[in-house]
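J.:
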Amino acid sequence: MKQTSGPRLSSRLYEELRRGVITGVYSQGQRLTEQSLAAELGVSRIPLREALPQLEVEGFIQSFPRRGVVVSRWTDEAVHHVFDVRIALEGQAARLAARRAADGKAELDRLWERLDESEAQIRAGDALAVAQANADFHQEVVAATGNALMSSLMAAVAGRLVWMFYLSIRSDPTSPSPEHRTVTQAIADGNELLAESIMLAHIESGREPALQMLRESRPET
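First residue of the sequence shown: 85, per the numbering used here; consecutive thereafter.
1. To which residues of the same chain is residue 229 closer than 6 angstroms at the C-beta, ignoring the five residues directly before and after it?
2. Fully enclosed by the segment 132-214, which beta strand (DSSP E) runs are 3 residues long or longer?
3. At a cut of 8 angstroms, does the segment 214-223 reach the segment 239-254 through at least three beta carbon pairs?
4. Helix, strand or coil for residue 302? Go by DSSP, reduced to three states.
5. Work out the CA separation of residue 275 and residue 132 for me, nearest whole Å.
6. In the DSSP assignment, what residue or residues form a beta bridge with residue 277?
7. For the alpha helix (DSSP H) that residue 240 lies in, which residues bound it at each end?
8. How many whole angstroms separate the CB atoms of residue 270 and residue 279, which I take to be in contact at a CB cut-off of 8 angstroms?
9. Please confirm if the segment 163-177 is in contact with the segment 193-211, defined as three or more CB-CB distances below 8 angstroms between the two stretches.
10. Compare the C-alpha of residue 122 against each of 140, 106, 97 and 241 and name the closest.
11. Taking all protein chains shown into account, do 16 or more other C-beta atoms lie within 10 angstroms of the C-beta of residue 148, making it buried, or fewer, making it exposed?
12. Between 281, 92, 137 and 158, which lies nearest to residue 299 when the distance is taken from Cα to Cα?
13. Since residue 224 and residue 184 should fall inside the 8 angstroms C-beta cutoff, what is the C-beta to C-beta distance between them, to a whole number of angstroms?
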């Protein structure tokens, strides 16, 4: 018997569909119909209609007139958009977090915890968990600014980060770890310029490798 509705069911469906998009169960450009998804997941269409908007807001799917819902594609432009936003947001966030640390206002325990978690996931070897932990670390750097608006802006790209990290993790899943630790230490030391410059270099150094890996991930059209 199909489950009908409820917040917990909608949340579960969101997580299942999100995982499916990130891991390629639902391929880029694939059309998703409510009827087929409901049958596949054993639910009614009502909770699906509650889960899909959140996926669209986070950039996993797009809705088109007469075409319905389609899994988003990683075009070169989409990759550059994510990196451009990150350059504008995260470099400044690292600098502001270091300033708060220098003023004794920053609580950095969660940042160190996120760093330790990302390194633990690298050792465990689960690609999706590594991608999620890396994205969580970057979100926590922004959270360390104490600026709720900056955190909300970062949250808007967090899902895309997980997806992008997952697809590009094949090149070297351990590569972000030393830079994450270095930028965290610079923030903790209150060194604004160093924290900002490390973060900017860290992000920009990932642009071309991400473009290459994401090009390889695109399905043939």
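Quick reminder that beta carbons are idealized off the backbone N, C-alpha and C, glycines included.
T.: By the coordinates alone:
1. Residues of the same chain with a CB within less than 6 angstroms of the CB of residue 229, apart from the 5 flanking positions on each side, are 177, 180 and 181 in chain order.
2. Listed in chain order, the complete beta strand (DSSP E) runs (minimum 3 residues) inside the segment 132-214 are 145-148 and 152-155.
3. Taking 8 angstroms as the limit for Cβ pairs, the verdict is that the segment 239-254 does touch the segment 214-223.
4. It is coil, neither helix nor strand.
5. So the alpha carbons of these two residues sit roughly 47 angstroms apart.
6. Per DSSP, none; premise fails for residue 277.
7. Residue 240 -> alpha helix (DSSP H) spans 232-252.
8. Between residue 279 and residue 270 the Cβ distance is about 4 angstroms, and since that is below 8 angstroms, they are a contact.
9. Judged by Cβ distances under 8 angstroms, the segment 163-177 makes no contact with the segment 193-211, as fewer than three pairs qualify.
10. The option with the nearest alpha carbon to residue 122 is 97.
11. Residue 148 is exposed by the Cβ-count criterion.
12. In terms of CA proximity to residue 299, 158 leads the group 281, 92, 137 and 158.
13. That belief does not hold up - the Cβ atoms of residue 224 and residue 184 are roughly 13 angstroms apart, past 8 angstroms.
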